[in-house]
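Only one structure is covered here, and it is reproduced in the block below.
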Amino acid sequence: MLNNKLPPLYPHLKSKNETLSLIHGIYAGILSCALAVVFYLEYQQQTMSMVEISVLCAGIGLFIALNIVACLKVKKGANQGLILSRILAVLMLLSFPIGTLLGAFALWKSLKSQWEV
């Protein structure tokens, strides 16, 4: 009577360099959370001038945007994504301890032997 057949599963197309793309997405999220914490603490204590907050927000916002761009370009396997990923991975190394781990892993995944074109 009833046909208990499951609908066909759609194939999950694996994008290129998923791990490296995920690293940049995670780091952009970490930076966003850190910026939110800075805003909250600054709202409570009010120790910085508006110019300092603006410069800080612009700098971290640029870094977040670059990580998102790297995330998208790395997924496509573009050479620009590889270059941008390596530059951002070196800058990630300065963010001890989590950024150091993510940066080292990102540098490893951006080697020619690991890169998927």
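In this text, residue positions in the sequence shown follow our numbering: the first is 325, and each later residue adds one.
Ideal placement from N, C-alpha and C gives every residue a C-beta, glycine not left out.
None of these values were measured; they are calculated from a predicted model.
For residue i, I'd like the list of residues in its chain whose CB is within less than 7 Å of its CB, leaving aside the five on either flank, ordered along the chain.
| i | result |
| --- | --- |
| Ala394 | His348, Gly405, Leu408, Ser409 and Leu412 |
| Ile354 | Ile422 |
| Ile377 | Glu366 |
| Ile384 | Leu355 and Leu359 |
Provide the residue span of the alpha helix (DSSP H) that contains residue i, from first to last.
| i | result |
| --- | --- |
| Trp432 | Ile422 to Lys433 |
I need the DSSP call for residue i, collapsed to helix, strand or coil.
| i | result |
| --- | --- |
| Val441 | coil |
| Ser339 | coil |
| Leu333 | coil |
| Ser409 | helix |
| Leu415 | helix |
Within a Cβ cutoff of 6 Å, which residues of the same chain sit near residue i, ignoring the five residues on either side of it in sequence?
| i | result |
| --- | --- |
| Lys397 | Gln404 and Gly405 |
| Ile392 | Ala352 |
| Ser339 | Lys399 |
Does residue i pass the burial test, meaning 16 or more other C-beta atoms within 10 Å, or should it be called exposed?
| i | result |
| --- | --- |
| Ala428 | exposed |
| Ser345 | buried |
| Asn328 | exposed |
| Leu426 | buried |
| Lys436 | exposed |
Can you list, in chain order, the residues of its chain whose CB lies under 8 Å from that of residue i, leaving out five sequence neighbours each side?
| i | result |
| --- | --- |
| Glu440 | Lys340, Asn341 and Gly401 |
Considering only residues of the region 343–406, which uninterrupted alpha helix (DSSP H) runs meet the minimum length of 4 residues and lie entirely inside it, listed in chain order?
374–400
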